[in-house]
Amino acid sequence: MLLFFILGLLVHFVFFGSIFDIYFTSPLVHGMTPQFTPLSPPAKRLVLFVADGLRADTLYEFDENGNTRAPFIRNIIMHEGSWGISHTRVPTESRPGHVALIAGFYEDVSAVAKGWKENPVGFDSLVNESKYTWSWGSPDILTMFAKGVGGDHIYTYSYDAESEDFGAHDVTKLDTWVFDNVKEFFHAARNNQSLFSKVNEEKIVFFLHLLGIDTNGHAHRPTSREYKDNVKVVDDGIKEIVSMLEHFYGNDGKTAFIFTSDHGMTDWGFHGAGHPSETLTPFVSWGAGIKYPQKVSAQKFDDAFLKEWKLENWKRQDIHQADVAPLMASLIGVPFPLNSVGILPIDYLNNTDLFKAESMFTNAMQILEQFKVKMTQKKEATLPFFFTPFKLLSESKQLNILRKARSYIKQRKYDEAVSLCKELIHLALKGLSYYHTYDRFFLGINVVLGFVGWTSYASLLIIKSNSITRGVSKEVKKPSHLLPCCFIAVSVLVAFFLLIQDCPWTYYVYCLLPMPIWYAVLREFQVIQDFVLSLLTFPPSQLVGYLFVFTLGIEVLVLSFFYRYMLTAGLIAFACWPFITQLWTRAKSISLSWIFFSLLLAVFPLMPVVGRKPDIFLVMGAGLLVLLLSLCVVTSLIRRKDRFINEELLLHLFQMLSIVLSMCVVYTTHDSLLKKQGLPLFNQIISWITLASSFLLPLLSPTSLFERLFSILLSSMSAYLLLSTGYEALFPLVLSCLMFVWIQVEQETLQQLSVSYKQKVTSLQFTYNPDITQFRQIYLDDVRRAFFLVFFLVTAFFGTGNIASVNSFDLASVYCFLTVFSPFMMGALMMWKILIPFVLVMCAFEAVQLTTQLSSKSLFLMVLIISDIMALHFFFLVKDYGSWLDIGTSISQYVIVMSMTIVLVFLNGLAHLLTTKKLELCGKPKSHLI
């Protein structure tokens, strides 16, 4: 059993990781020749302002009083420079955003996991190509472009990481620190001859990373006064820096300025996926080499932004985020970053047509270099008779376009040359994508084979362990040696095929994994044959009916990832279920409880999603309801038990005290943060102690079914209250009530199957034995039980306000534990918040297995099969084309459903531990009730 689950876990980890290898691998190639424009650049120096986390609408729109939030930037747009929207890509995180801006390429989605660390792989960037670069800001960002770069031409100045505190009184200090240090730097340069000569060199960059807006967005949300006021602080700071620089350089007109953002932010203060609020960022440029404002009567954009922002008369020029890097390189005359896939936005350039044409030619050559290297790498790693070149850009066509473009430039047909270069760039980018996804179909087929094989194998295990085909075939055939020999031969051939093509090690995993799985399936051919024969004994209409109901159930689960209200529809159907069974006539009180709590739980998927305003009184109300329920349960236990052990009473009272403490901590922390007094240390200590104790306290309670489950609920709620900001605090309580009823309902349904054993739920004891009984065979109703579990798990995720997105988080949830920016710790706490309802469901599932007398292995296998069928659905739905909202959503959905499947294995073990283990205090030996 343990070996099987370890194998299953490994298989699912492979399936989980496959999505990144198939759809989102690193686009980097190495070995290109640097390309730069041979003409003199318009600027000697470039100043890059990046307002981390700034949304385009927040900068451009007017406030409630009809005034602009950024008067200086607004004046630039109307009188000095050019503007537009920079369209970012998934993942909308700080690292990929800055890489796109400064290096010109889009990191793969797995860059989210690399997070805020320094470069895991080497890549070229504008900073690297510059003569000197000085940068100020967050240590998380600046080190990405400084470490691992040869030479000593990059200088960084950053504050301490502890300064990034979401609970600080004023986080705009992160931005004012940058502005103040830049001023001090130039003041010092006047008195330092060596520094003065460096800052007067050509091809230099000043990079100002401004983190205050992002921090305020996380702490207070983008709709808050703090976030919007921070925009004004940044605008004032930029105005001062620009004025100081112009004065320092004597208004020589050789400074180019760019102001933009790495990503936006959702209304609930998070980012990472592809919502427009995350992917639409401002872009404003002015100074040397940049066009002045252009007044127009009509624009090519059909959105409503221009009217809202009152900028319909000033030409808007949107760009892709990666286009910023070639623009900056062109302005100061450094080689385009080698890995850049950005297309130079020549409409921003205020220069001669010759300069524009030469710059576009350089851009085309730089991207074509990547295409050539990528094609060569793929060609060398593929057998000649298997290699299919990119037909739209043959070697002869490359030479022909380059020759024509150069000829047009000589003939001063600059527009034709630019047009031809753009055509070459688009073809080269298509070719890059072609070779980048060259093996996608091959890998996808192997992963699908693995998925189907694993699901088939799990199904066969259920069939064999429950003797479903019993009596169909008496003949037992000896296993043939031909089958293993065939699979070994095929595996060797596949491995040899991958070896001679110099494939990565992950290819071996994806291609060879299906081999042992399908061998395990096909060696049970007799079982498959007998099972098919047994199915043929059923009436076709009945088979089709069962298949239809099963398919409908799976589709409802899949649709719930797109439409949360499908869960409401499902729960309403659950509420009606007793009426179509004998349950209503046999146990009306249980049926009424089932109907009531099903309908009550059905309300939650209709509630607002993550991002609603915090409502601390709902959290307090949830705590009071738990306390009221606790009093009722403790009173009931005292009355029912002949002797209520003092230790048990003390444990329940301590857990109730923990609930009270959690309520106090939540209220006082919320109040302290509202007053901008930070997170009180006492509250932080209590929060961490409560979280740690929530794992241990249930193990001190008796192992009787009812008492252990109730103890788990109390401990979970004490931690969950600390992580709640609104109505979701009520969800675990309602869910647990439904789970208690579910346990009783499943015991009642056994009577319809003529199972004679029946024991009161209150007298049942949890046990260590994973197979509670060996005598009951699997029934069709057990498939329904497995489906119920999967449905409740999906409801446990979406019912708390989460959405099918990797940014389905609210950082305010962790403010009782920490407010200083710590992505992995915060992520772990938010993941635990999501898992608490899962744990409650899995503990109830342990009890269901106990009451229904079914092997836990069989029931859990059915759950895995249903989950894997859902995962296969989402595997086919993953896309890397279309809008970034669609791309981000498709990735998120697959990641969530695969994570749920993997976590199920862990949660099954955790639930077993929480329900069966018993710790004794005061030096008493450990004892287990069997």
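Residue numbering for the sequence shown follows my numbering, beginning at 105 and increasing consecutively.
Don't be surprised by glycine CBs; every beta carbon is placed ideally from N, CA and C.
If only complete runs of 3 or more residues are kept, the stretch 450–517 shows no beta strand (DSSP E) anywhere. The bridge partners DSSP lists for glycine 391 are Ala360. Taking a contact to require three or more Cβ pairs closer than 8 Å, the stretch 458–469 and the stretch 410–417 do not qualify as touching. Non-local beta-carbon contacts of glutamine 403 in its own chain, meaning distances under 8 Å to residues more than five positions away in sequence, involve Leu410, Glu416, Lys419 and Arg420 in chain order.
DSSP, read as helix, strand or coil, puts lysine 399 in strand. As the crow flies, the alpha-carbon of serine 595 is around 46 Å from that of leucine 506. Distance from the CA atom of alanine 272 to the CA atom of threonine 319, rounded to whole angstroms, is 10 Å. Between the stretch 1004–1024 and the stretch 795–805 there are three or more C-beta pairs closer than 8 Å, enough to call the two in contact.
Here the stretch 120–138 does not lie against the stretch 330–347, with fewer than 3 beta-carbon pairs under 8 Å apart. The alpha-carbon separation between leucine 897 and tyrosine 236 amounts to approximately 55 Å. In terms of CA proximity to glutamate 233, Arg149 leads the group Ser198, Arg149 and Gly188. Rounded to the nearest whole angstrom, the C-alpha separation of valine 738 and leucine 753 is 8 Å. Within the same chain, Asn550, Leu553, Gly554 and Gly557 come within 7 Å of proline 618 by CB-CB distance, once the 5 residues on both sides are set aside. The DSSP-derived three-state label of tyrosine 669 is helix.
Closest in alpha carbon position to alanine 207, among His183, Gly170, Met248 and Glu197, is Met248. When DSSP reads this structure, phenylalanine 120 sits in no beta bridge, so it has no partner. Looking from the CA of arginine 627, the closest CA among Leu968, Tyr561 and Lys343 belongs to Tyr561. Looking at the DSSP output, valine 924 bridges to Asp269. Ranked by Cα distance from aspartate 264, the options Ser130, Val924 and Thr993 are led by Val924. Check the Cα spacing between isoleucine 604 and each of Ala485, Ala706, Ile882 and Ala975: the tightest is with Ala485. The DSSP-derived three-state label of threonine 739 is helix. Of the residues Thr260, Cys841, Cys947 and Gln953, the one whose Cα lies closest to the Cα of glutamine 881 is Gln953. Secondary structure at leucine 312: strand, using DSSP grouped into helix, strand and coil.
Beyond the five residues adjoining it in sequence on each side, histidine 375 comes within less than 8 Å, by CB distance, of Gly157, Thr196, Glu197, His367, Gly368, Met369, Glu382 and Asn911 in the same chain, given in chain order.
Residue pairing of glutamine 869 in beta bridges, as defined by DSSP: Ser808. Under a 10 Å Cβ-count criterion, aspartate 407 is classified as exposed, with fewer than 16 other Cβ atoms of the shown protein chains found around its own Cβ. Counting every other CB atom within 10 Å of its CB across the protein chains shown gives alanine 521 a total of 16 or more, marking it as buried. Boundaries of the alpha helix (DSSP H) around serine 347: 329–352. With a cutoff of 8 Å on beta-carbon distance, threonine 141 and serine 434 are scored as near each other. For leucine 687, the CB contacts under 7 Å within the same chain, skipping 5 residues up- and downstream, are Ser695, Val849, Glu852 and Thr853 in chain order.
Judged by DSSP in its simplified three-state form, arginine 690 adopts helix.
Here lysine 343 has Phe176 as same chain residues with Cβ atoms under 8 Å from its own Cβ, once five neighbours each way along the sequence are excluded. Counting every other CB atom within 10 Å of its CB across the protein chains shown gives histidine 351 a total below 16, marking it as exposed. By the neighbour-count criterion, in which 16 or more other beta carbons inside 10 Å mark a residue as buried, alanine 593 falls on the exposed side. Boundaries of the beta strand (DSSP E) around arginine 149: 149–155. For tryptophan 390, same chain residues with a beta-carbon under 7 Å away, outside a window of 5 residues either side, are Ile180, Glu184, Gly185 and Phe361 in chain order.
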